[in-house]
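J.: Below you'll find the structure I mean.
Number of protein chains: 2
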Amino acid sequence: MPNPTAAILVIGDEILSGRTRDSNMHFLAQELARVGIDLREARVVGDRPEAIVGAVRALSGTHDHVFTSGGIGPTHDDITADAVAEAMRVPLSVRDDARAVLQAHYDRQGVEMNEARLRMARVPEGAVLIDNPVSAAPGFSIGNVHVMAGVPRIFEAMVAGLLPRLTGGTPLLSQSYRIMRGEGEIAGPLARLADDYPDLSMGSYPFQSGGAFGANVVIRGPDGVRVHEAMTRLAELFPE
Amino acid sequence: MPNPTAAILVIGDEILSGRTRDSNMHFLAQELARVGIDLREARVVGDRPEAIVGAVRALSGTHDHVFTSGGIGPTHDDITADAVAEAMRVPLSVRDDARAVLQAHYDRQGVEMNEARLRMARVPEGAVLIDNPVSAAPGFSIGNVHVMAGVPRIFEAMVAGLLPRLTGGTPLLSQSYRIMRGEGEIAGPLARLADDYPDLSMGSYPFQSGGAFGANVVIRGPDGVRVHEAMTRLAELFPE
């Protein structure tokens, strides 16, 4: 059975304006690789309802899972819950269990519930809450869309709670090999090796180091024996 | 006149597998903000022809400019030039000017031109070359799609050469203000302030620092006087 597929949708003007550098995409990519869910696409859109609705519909229709990051706080620019509900064509309202989680948190902190904070208890009909051990305001899963916070520490905690709920696949095994030659020299032999191993994926990632060109060649596949065999042949082609 | 819009398409399995953390998106976001081109969307897709073709067509049809990063080297997994030519429905072949640039570079280095290296001289019909001062192999612009290398140092050099060719707009001015209160407290007054300034965009970016919650509020707009006026009112609402 092929592995489940996934996309991540990062929501926030601050990423596109260059003000903030996103880290949630890279974190999620590593976590999904570990559990055998294939991340196929990542998108970043701004805080515009039509952009979020369009992206959620496109991605949820073509992937087994969509993970979103950002836009679920209490301020006027937090519109992700509204947009996801619209994309999934379900109503959105304050839900008692979400409100209770928030109320308990604010009671402990001695802070008043207000209209802005109550916005964070709004979830689409039929959603399952995602626990937020950091600041209480929950994320939620609706259909195959998993809606989480943008603050990295909260996003990471939500992913940790969510992933065990999802069915993973076979994690890809990978080995990498550093070759201090230009890719133009590596390309021919590597292409022939890749032809011999159609069950494996071979990628070449060039870099520059101290004025010299090199490449990291990464061989990936579900079968560790095959990966190791191909890597051994690669090392023979390009001895250190 | 509204600012030109743009999207960036980052191409490469290594980003989606979590092996490499992309930096080109963030670099380009900052450069475009400087010249007044509005980055509206970013996407990352893997080294699969149909994914690249689909994304290039979707993004080039809905934005004034599309910038791509990655997949233009000499190895078998470098398929961006082929996919972009297909997306734009033009033929792809080795072009004399691109070949001459490469040949001169390899002559200086005392390296042979080979089949793999010659792949990097293939450009779509009608393309304009983008200079690569680092390793010679050029990028290219075809229609509104600008195809560049994935290695950050080369991508950055290509962007530096390309941007002066494009017509920019009015750079957005922004000021930010750090408020050491939870967003739940900031949200109400901030929403009312945002209502008073429909020409400005106000974003609230929460963070956690030493166990306390705070938010950076960013006010952006083309008119510096308005931005300053709104920021002064914000500072009065939330004195330090």
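Those sequence lines, one after another, are chains Y and S.
For the record, in the first sequence the residue sitting at position 223 is 223 according to the UniProt record's numbering, with numbers rising by one throughout.
For the record, in the second sequence the residue sitting at position 102 is 102 according to the UniProt record's numbering, with numbers rising by one throughout.
Note that the Cβ used here is the ideal one computed from N, Cα and C, for glycine as well.
Just so we're clear, the structure is a prediction, and the values are computed from it rather than from any experiment.
Please list the terminal residues of the continuous alpha helix (DSSP H) segment that includes Y:Asp-195.
T.: Here residue 195 of chain Y refers to the residue found at position 195 of the first sequence. Y:Asp-195: member of the alpha helix (DSSP H) spanning 183-196, first to last residue.
J.: Am I right that Y:Val-94 and Y:Arg-122 are in contact with their C-beta atoms under 8 Å? What's the rounded C-beta distance?
T.: For the purposes of this step, residue 94 of chain Y is identified with residue 94 of the first sequence, where counting begins at 1. For the purposes of this step, residue 122 of chain Y is identified with residue 122 of the first sequence, where counting begins at 1. Correct: roughly 5 Å between the Cβ atoms.
J.: Mind checking which residues open and close the alpha helix (DSSP H) that includes Y:Glu-31?
T.: Your numbering for residue 31 of chain Y matches position 31 in the first sequence. Y:Glu-31 -> alpha helix (DSSP H) spans 24-35.
J.: What separation, rounded to the nearest whole angstrom, lies between the Cα atoms of S:Arg-99 and S:Phe-140?
T.: For the purposes of this step, residue 99 of chain S is taken as residue 99 along the second sequence, with counting starting at 1. For the purposes of this step, residue 140 of chain S is taken as residue 140 along the second sequence, with counting starting at 1. Cα-Cα distance, rounded: 13 Å.
J.: Under 8 Å, with one C-beta from each stretch per pair, do the region 73-80 of chain S and the region 180-192 of chain Y reach the 3-pair mark?
T.: yes
J.: Tell me whether the beta-carbon of Y:Gln-175 lies closer than 7 Å to the beta-carbon of Y:Val-217.
T.: Within the first sequence, numbered from 1, the residue matching residue 175 of chain Y stands at position 175. Within the first sequence, numbered from 1, the residue matching residue 217 of chain Y stands at position 217. No.
J.: Please say whether Y:Leu-200 and Y:Ile-179 have beta carbons closer to each other than 7 Å?
T.: Reading the first sequence from its first residue, position 179 is the one you call residue 179 of chain Y. Reading the first sequence from its first residue, position 200 is the one you call residue 200 of chain Y. It is not a contact, given that the beta carbons lie outside the stated cut-off.
J.: Starting from Y:Tyr-177, find everything on chain S with Cβ-Cβ shorter than 9 Å and list it in chain order.
T.: Residue numbering aside, residue 177 of chain Y sits at position 177 when the first sequence is read from its first letter. In chain order: nothing, as chain S lies at least about 13 Å away.
J.: According to DSSP, is Y:Phe-155 helix, strand or coil?
T.: In the first sequence, residue 155 of chain Y corresponds to position 155, counting from 1. It is helical.
J.: Can you list, in chain order, the stretches of the alpha helix (DSSP H) that have 4 or more residues and sit fully within the region 95-164 of chain Y?
T.: 96-109, 115-119 and 152-162
J.: Take S:Glu-125 and list the residues in its own chain whose beta-carbon comes closer than 7 Å to its own, dropping the five residues that flank it on each side.
T.: Looking up residue 125 of chain S in the second sequence gives position 125. Closer than 7 Å at the Cβ level, and outside the excluded window around S:Glu-125, lie Val-90 and Pro-91.
J.: Examine the ligand COA and report whether any of its heavy atoms sits within less than 6 Å of the Cβ of S:Val-56.
T.: Annotation note on the ligand COA: not contained in the displayed structure, which lists no ligands.
J.: Quick check on this structure: which residue in Y:Tyr-197, Y:Arg-181 and Y:Gly-224 has the alpha carbon closest to the alpha carbon of Y:Gly-210?
T.: To locate residue 210 of chain Y, count along the first sequence from 1; it is residue 210. In terms of Cα proximity to Y:Gly-210, the closest of Y:Tyr-197, Y:Arg-181 and Y:Gly-224 is Y:Arg-181.
J.: Listing by chain order, which chain Y residues have their CB less than 8 Å from the CB of S:Phe-213?
T.: For this step, residue 213 of chain S is matched to residue 213 along the second sequence. Within chain Y, the residues near S:Phe-213 are Ser-135.
J.: Compare the C-beta of Y:Leu-16 with all C-beta atoms of chain S and state if any pair is closer than 7 Å.
T.: Position 16 of the first sequence, counted from the first residue, corresponds to residue 16 of chain Y. Contact with chain S is found for Y:Leu-16, since one of that chain's Cβ atoms lies less than 7 Å from the residue's Cβ.
J.: Taking the straight line between their C-alpha atoms, what separation do you get for Y:Tyr-106 and S:Ala-7?
T.: Position 106 of the first sequence, counting from 1, holds the residue named residue 106 of chain Y. Position 7 of the second sequence, counting from 1, holds the residue named residue 7 of chain S. Each residue's Cα considered, the two are about 41 Å apart.
J.: Can you give the Cα-Cα distance for Y:Thr-80 and Y:Pro-222, rounded to whole angstroms?
T.: To locate residue 80 of chain Y, count along the first sequence from 1; it is residue 80. To locate residue 222 of chain Y, count along the first sequence from 1; it is residue 222. Roughly 36 Å separates the two Cα atoms.
J.: Which residues of chain Y have a Cβ atom closer than 7 Å to the Cβ of S:Leu-39, listed in chain order?
T.: For the purposes of this step, residue 39 of chain S is taken as the residue at position 39 of the second sequence. Simply Leu-16.
J.: Does the beta carbon of Y:Gly-73 come closer than 7 Å to any beta carbon on chain S?
T.: As a working mapping, residue 73 of chain Y is identified with position 73 in the first sequence. So, interface residue.
J.: Of all the CB atoms in chain Y, is at least one closer than 7 Å to the CB of S:Ala-194?
T.: For the purposes of this step, residue 194 of chain S is taken as residue 194 along the second sequence, with counting starting at 1. Output row for S:Ala-194: interface = yes.
J.: Using the C-alpha atoms, what's the distance from S:Glu-31 back to S:Arg-119?
T.: Within the second sequence, residue 119 of chain S is the residue found at index 119, counting from 1. Within the second sequence, residue 31 of chain S is the residue found at index 31, counting from 1. Taking the straight line from one Cα to the other gives about 30 Å.
J.: Mind checking S:Asp-47: buried by the 16 CB within 10 Å criterion, or exposed?
T.: By one-based count along the second sequence, residue 47 of chain S stands at place 47. Buried, because 16 or more other Cβ atoms sit within 10 Å of the Cβ of S:Asp-47.
J.: Is it the case that the Cβ atoms of Y:Gly-150 and Y:Ser-204 are separated by a distance below 7 Å?
T.: Taking the first sequence and counting its residues from 1, the one referred to as residue 150 of chain Y is at position 150. Taking the first sequence and counting its residues from 1, the one referred to as residue 204 of chain Y is at position 204. The answer is no: Cβ separation not under 7 Å.
J.: With distance defined between alpha-carbon atoms, name the residue in Y:Ser-23, Y:Arg-34, Y:Asp-22 and Y:Arg-21 nearest to Y:Pro-164.
T.: For the purposes of this step, residue 164 of chain Y is taken as residue 164 along the first sequence, with counting starting at 1. That would be Y:Arg-34, whose Cα lies nearest to the Cα of Y:Pro-164.
J.: What does Y:Tyr-197 touch in chain S if you count any residue whose Cβ is under 8 Å from its own?
T.: Translated into positions along the first sequence, residue 197 of chain Y becomes position 197. Simply none; closest approach about 12 Å.
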